[in-house]
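Engineer: This is the structure I want to talk about, given as structure tokens.
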Amino acid sequence: MEDAIVTMRKKFDEIGINSCKKYSANKNDNHLRYVTGFGHLGDGNLHLNVVVDKYNSESTAIFEEHIFEYAKSHNGSISAEHGLGSIKPGFLKYSKSKEMISIMKKIKDKFDPNGILNPYKVIPKEI
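Number 56 in numbering that gives the first Met the number 0 belongs to position 57 of the sequence shown; there are no gaps in the numbering.
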């Protein structure tokens, strides 16, 4: 578990988030304060908490790309007990194969042929 945190800290440092020159005119916008993990240690489902001085869509996209790729490379998941909801369906590909997503879509279509139950949640529009 510690490896995920140490790896992310190193990765963010490598891509310049600590120096911030590459990502923002305002030096403090993306200044990384810390990366830590918490929760669900017993079953191995670590929540990663990234704290920066100021969050914005640019810094979030940078974090997500590296965090999700790391999770994928370790057969991890991008979501835990709260599910994917309406924000993360496009990221499902990081923890499920195209075949698995296709099976999930077929099951959903079987039980919800009209697509009225939680539309556009969990299953991405495009596979």
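Using N, Cα and C, we set each Cβ at its ideal position, and we do this for glycine too.
(1) Check whether the Cβ atoms of residue 48 and residue 62 sit closer than 8 Å, and answer yes or no.
(2) Report the option in 120, 67, 118, 45 whose CA atom is closest to the CA atom of residue 77.
(3) Given a threshold of 16 other Cβ atoms within 10 Å of its Cβ, counted over all protein chains shown, does residue 54 qualify as buried or as exposed?
(4) In the DSSP assignment, the alpha helix (DSSP H) including residue 65 goes from what residue to what residue?
(5) Residue 109 lies in the alpha helix (DSSP H); which residues open and close that run?
Structural biologist: Walking through what the data contain:
(1) What you label residue 48 is simply residue 49 of the sequence shown in a count that begins at 1. What you label residue 62 is simply residue 63 of the sequence shown in a count that begins at 1. Contact: no.
(2) As a position in the sequence shown, residue 77 is number 78, starting the count at 1. Nearest of 120, 67, 118, 45 to residue 77, Cα basis: 67.
(3) Taking the sequence shown and counting its residues from 1, the one referred to as residue 54 is at position 55. Exposed.
(4) The residue you call residue 65 lines up with position 66 of the sequence shown. First-last of the alpha helix (DSSP H) with residue 65: 56-72.
(5) Against the sequence shown, residue 109 aligns to sequence position 110. Where residue 109 is concerned, the enclosing alpha helix (DSSP H) stretches over 97-110.
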